[in-house]
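Remarks on the structure that follows.
Number of protein chains: 2
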Amino acid sequence: MQISEVAQKFGLTTDTLRYYEREGLIGPIKKGKNGIRNYDEDDIKRIQFVKCMRSAGLEISFLKKYLDLFDEGDKTVKERREILVEQRNILKEKLDAMQEAYDKLTMKIELYDKNILDKNLI
Amino acid sequence: MQISEVAQKFGLTTDTLRYYEREGLIGPIKKGKNGIRNYDEDDIKRIQFVKCMRSAGLEISFLKKYLDLFDEGDKTVKERREILVEQRNILKEKLDAMQEAYDKLTMKIELYDKNILDKNLI
DNA sequence: TATTGACTTGAAGTTAACTCTAAGTGATAT
DNA sequence: ATATCACTTAGAGTTAACTTCAAGTCAATA
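These protein sequences, in sequence, are chains A and B.
If you're matching positions, the first sequence starts at 0 in numbering that gives the first Met the number 0 and goes up one per residue.
If you're matching positions, the second sequence starts at 0 in numbering that gives the first Met the number 0 and goes up one per residue.
Here is the structure:
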């Protein structure tokens, strides 16, 4: 699979894919004789994981750390579990903050719909 | 209320509060004869709103736009409602993406706990 | 054969949201 | 009186995550 297809598939740009590779999140992707990247199934799986986690706002530095440990094999299992839990906790905090803001926005919109507008309430 | 108390109250830095003021999100805050800011109840309410929305990742440019319209009074009600809905939609997308990542992380952690580790699965 | 289009590289540029620095003021504690 | 402390300013610096640029290669098509 060529870079533009992969980009298309995940809604990323080719620049972003090369950037992720530069940062060591994925690859190094195998290249054909002409120097063109050819993504295989494992590359795709990895990109899918990265895309999902990045969409949720997880930092590249974390993903790099986790994936490096993954590549080191079974001896890193314990450490990997720990950082997954840590990231999930961070994510939970963010989710809660966002849910709170979401509910506040919903309430505000309802007030606008009912024309109950307090000049002093933002 | 002085700047450091307000910062403390909301878990912001004084630099951030002055930055928000520079950007026109809040204030201009009234100052005493010595030039020191004195935050009143309305300032606090506004900061609470900004803090909540920023914690959810809403952009400063949006908050600026919304709060400027708010200050213009009743004639902007319709436009305000529209941008609130728009922001809520954006927030919903993000919430969904984060929930998906959260669930994925939870599943992974469970696999780690049960020692079901597929070498080919990230 | 010439041009088009997708790819390649290293490096520089961009953006949002802070964060820090340097230099200064003014009230209070020793 | 002198030191400490919280505050003030304008402006420069930082960080993460891209994004763009300039210059080049290569295969396929008009």
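Note that CB positions come from ideal geometry on N, CA and C, so glycine has one too.
- By the neighbour-count definition (other C-beta atoms within 10 Å, threshold 16), B/I2 is a buried residue.
- Look at A/K103 here: in three-state DSSP terms it is helix.
- The segment 101–111 of chain B and the segment 84–91 of chain B do not touch, with fewer than three beta-carbon pairs separated by less than 8 Å.
- For B/Y101, at least one C-beta of chain A is nearer than 8 Å to its own C-beta.
- A/N33 and A/L24 have their C-alpha atoms some 23 Å from each other.
- In the structure shown, the three-state DSSP call for A/K30 is strand.
- With a threshold of 16 other beta carbon atoms within 10 Å, A/Y18 falls short and is exposed.
- Judged by DSSP secondary structure, A/D39 falls outside any alpha helix (DSSP H); it is assigned neither H nor E.
- Here DSSP, grouped into helix, strand and coil, assigns A/A55 to coil.
- When Cβ-Cβ separations below 8 Å define contact, B/S54 makes contact with chain A.
- The beta carbons of A/T75 and A/L68 sit closer together than 8 Å.
- Between B/K63 and chain A, the shortest Cβ-Cβ separation is not below 8 Å.
- The continuous stretches of alpha helix (DSSP H) do not include A/Q1, and DSSP gives it neither H nor E.
- Taking the beta carbon of A/Y111 as reference, the chain B residues within 8 Å of it are V76, R79, R80 and L83, listed in sequence order.
- With a threshold of 8 Å between beta carbons, B/I89 makes no contact with chain A.
- Boundaries of the alpha helix (DSSP H) harbouring A/D14: T13 to R21, taken from the DSSP string.
- Measuring C-alpha to C-alpha distances from A/G10 to each of A/I46, A/D39 and A/A96 identifies A/I46 as the nearest.
- Less than 8 Å divides the Cβ of B/E22 from the Cβ of B/I59.
- Among the residues facing chain B, A/K29 is not included, as its CB has no counterpart in that chain under 8 Å away.
- Contacts with chain A at 8 Å (Cβ-Cβ) include B/A96.
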